[in-house]
């Protein structure tokens, strides 16, 4: 993905510009060094000098063919990948400059929904543990009782039953697994949500 490919404005963009900027992406680059079949070194420019702003309350869509860099761009913005160069300014802070230990307060506000609901859930964990893990990491529950209550609340929010909490991922359909993935986002402090493409399971939420 290049900067020219990222300039298409979504519907309602001008009205969104009147709001505060949530995130600024400036000249972001994500390069990968690889070896070719002949053993030679090469550089893949998955994201090359991309810049754009996202405003509070705005929905921004990235459209492109498979392999165009959409997933890599999202992972670079959220620092799942370490960007090769550029800035990601979130709530006034360039998070590309932060050490990993300083990222946690921003992780509460920036979340990513994985495209594959089958690979993104630990098959050894119950739904209660999967959803509750995020609550534990971000210190969003003061006790086990509060944790269990919030897990049930989150399951209801995404259209699942509270009795699903004791089940394992393999007991659910693909759409239900996607709902579990959404529930573990702990949306109370969420400011930025990066959603991968093929998302029919989300349409009814």
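Numbering (the working numbering), first residue to last: 2 to 206.
The beta carbon of each residue, even a glycine, is placed where N, CA and C say it ideally should be.
Since the model is a prediction, treat every value here as computed from it, not as a measurement.
> Going by beta carbon distance, what residues of the same chain come within less than 6 Å of residue 21, once the five residues before and after it are set aside?
Replying inline: 57.
>> Whole angstroms are fine: how far does the CA of residue 169 sit from the CA of residue 120?
In response: Inter-residue distance for residue 120 and residue 169 is about 13 Å (C-alpha atoms, whole angstroms).
> Could you give the distance in angstroms between the alpha-carbon of residue 75 and the alpha-carbon of residue 43?
Replying inline: Cα to Cα, residue 75 sits roughly 23 Å from residue 43.
> Looking only at DSSP bridge pairs, what is residue 111 linked to?
Replying inline: BP columns for residue 111 point to 193.
>> Can you tell me whether residue 183 is buried or exposed? The criterion is at least 16 other CB atoms within 10 Å of its CB, across all chains shown.
In response: So residue 183 ends up on the buried side.
> Per DSSP, what kind of secondary structure is residue 81 in: helix, strand or coil?
Replying inline: It is coil, neither helix nor strand.
>> So, for residue 162: in the same chain, excluding its five sequence neighbours on each side, which residues have a beta-carbon less than 8 Å away from its beta-carbon?
In response: Same-chain partners within the cutoff: 156.
>> Contact defined as beta carbons within less than 8 Å: I believe residue 84 pairs with residue 178. What is the distance between those atoms, to the nearest angstrom?
In response: About 30 Å separates the Cβ atoms of residue 84 and residue 178, ruling out a contact at the 8 Å cut-off.
>> Using 8 Å as the threshold, is the C-beta distance between residue 27 and residue 90 below it?
In response: The answer is yes: Cβ separation under 8 Å.
> Which two residues bound the contiguous alpha helix (DSSP H) that contains residue 129?
Replying inline: Counting along the chain, the alpha helix (DSSP H) containing residue 129 begins and ends at 128–138.
> Should residue 126 and residue 193 be called a contact, given that it needs their Cβ atoms to be closer than 8 Å?
Replying inline: Between residue 126 and residue 193, the gap from beta carbon to beta carbon reaches 8 Å or more.
> Less than 8 Å separating the beta-carbons of residue 82 and residue 31?
Replying inline: Yes.
> Got a sec? Which residues, its chain only, sit under 8 Å from residue 122 by beta carbon, not counting five neighbours each side?
Replying inline: Closer than 8 Å at the Cβ level, and outside the excluded window around residue 122, lie 131, 170, 178, 181 and 182.
> Does the separation of the CB atoms of residue 29 and residue 51 fall below 8 Å?
Replying inline: Between residue 29 and residue 51, the C-beta gap is smaller than 8 Å, which places the two residues in contact.
> Can you tell me where the beta strand (DSSP E) with residue 87 in it begins and where it stops?
Replying inline: For residue 87, the uninterrupted beta strand (DSSP E) segment begins and ends at 86–91.
> Which residues bound the beta strand (DSSP E) around residue 29?
Replying inline: Taken as a continuous stretch (DSSP letters only), the beta strand (DSSP E) holding residue 29 covers 22–36.
>> To the nearest angstrom, how far is the alpha carbon of residue 106 from that of residue 40?
In response: Cα-Cα distance, rounded: 42 Å.
>> Suppose you measure from the CA of residue 205 to the CA of residue 38; what does that come to, to the nearest Å?
In response: Confidence in residue 205 is poor, its pLDDT being 45 and thus under 50, which makes the residue's placement too unreliable to answer from.
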